[in-house]
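Shown next, in structure tokens, is the structure this report addresses.
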Amino acid sequence: MSTDAAHLPSPARAAAGLPWAGYLLGFALGGFFDGILLHQVLQWHHLLSAVESSAVQDIRVQILADGLFHAAMYLIAAGGLWLLWRSRRRFAEPGADRLLFANALIGFGVWHILDGVLSHWILGIHRIRMDSANPLLWDLLWFVVFGVAVVAAGWRLRSGGGADGGGRAAPVALTLAVLIAGPVAALPPPGVSTVMVLFKPGTTAPDVFAAVAAVDGRTVWQDPSGQLWAIDLGEKGNPTTLYRYGALLVSNTLLPTGCLDWFRT
């Protein structure tokens with residue numbers, strides 16, 4: 110038996126892997142869709158917009174929460190991609206494309222149903238449109254259009270049989286969608302000029318102030334170590350300039366810079 114054959118998944122695992130790959134990838138895409146469209150493009154809410162605590166309402170905390178949310182979607186997407194890879198020998202089976210795409214639709218819809226029930230109505234951490242006079246209307250609209258209707262479409266597609274031939278179109282399309290959506294979700298929201306900057310060990314406060322002056326910005330916040338700073342670049346500041354003044358990482362969220370600072374210490 111060859112080494113490759115020894116590592117192939119069992120038929121039972123391969124059979125279960127393809128459906129769950131669709132569910133997980135669709136679920137992750139639902140989260141990325143929410144984060145990109147509602148958190149960043151339309152800016153209707155952040156993950157914790159309805160939490161009234163003054164500490165939580167700090168925009169840095171809001172951005173951190175969004176970053177952790179996107180990180181969770183990355184983990185789910187990675188699990189879906191791993192299952193998709195393990196079940197790759199099923200791509201040629203009749204109906205494989207239909208099954209994968211249908212389950213992705215179901216996963217996408219389930220995300221919006223879960224978000225509506227849990228985040229909007231049970232926990233109350235945000236609503237679809239925080240600035241609406243009737244937030245329940247928007248919650249229900251999103252719940253039905255992107256949740257119930259999409260799940261119903263996926264269920265109907267999956268129940269339509271497997272007369273079509275197998276192929277790689279759906280696996281490739283879902284993989285590309287996840288790989289594109291993840292980085293897009295990490296882009297800064299429009300109009301946000303504040304970046305988190307982690308400076309190299311040994312960087313002094315005068316060095317940081319020199320970096321801030323070089324981009325014509327201003328300091329907003331720093332952590333107790335003096336290595337992690339929030340800097341407002343203004344409208345024309347170029348974040349890449351900070352790398353010439355000792356910056357180790359420049360990011361729009363606390364998540365990657367904070368994690369790197371933690372590991373570095």
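With the working numbering applied, the sequence shown has no gaps in its numbers, which climb one by one up to 374 at the end. Heads up, the beta-carbon is just placed ideally off N, CA and C, and yes, glycines get one too.
- Burial of S196 is indicated by the presence of at least 16 other C-beta atoms within 10 angstroms of its C-beta.
- Of all C-beta pairs linking the region 153-163 to the region 230-246, three or more are shorter than 8 Å, placing the two stretches in contact.
- With a cutoff of 8 Å on beta-carbon distance, A314 and G335 are scored as near each other.
- Three or more beta-carbon pairs drawn from the region 217-228 and the region 127-143 are found closer than 8 Å, and the two stretches are therefore classed as touching.
- Close CB contacts of L208 within its chain, under the 8 Å cut and outside five residues either way in sequence, are with L127, P128, G131, R267, G271 (chain order).
- Annotation: Q331 is outside any alpha helix (DSSP H); the continuous beta strand (DSSP E) that includes it extends over 327-331.
- Distance check between L246 and each of H229, M305, L192, V260 places H229 closest, using alpha-carbon atoms only.
- DSSP places L173 inside the alpha helix (DSSP H), whose first and last residues are 168-195.
- Shortest Cα-Cα distance from H235 to any of A319, A174, K345, A339 involves A174.
- With a cutoff of 8 Å on beta-carbon distance, W338 and V306 are scored as near each other.
- The three-state secondary structure of I231, taken from DSSP, is helix.
- Between G326 and D341, the gap from beta carbon to beta carbon is short of 8 Å.
- Around Y354, the same chain offers D316, A319, A320, A323 as residues with beta carbons nearer than 7 Å, after the five sequence neighbours per side are excluded.
- When only Cα atoms are considered, W330 and T303 end up about 10 Å apart.
- Going by beta carbons, W251 and G225 fall inside the 8 Å limit.
- Secondary-structure assignment with DSSP links L342 through no beta bridge to anything.
- By the neighbour-count definition (other C-beta atoms within 10 Å, threshold 16), V254 is an exposed residue.
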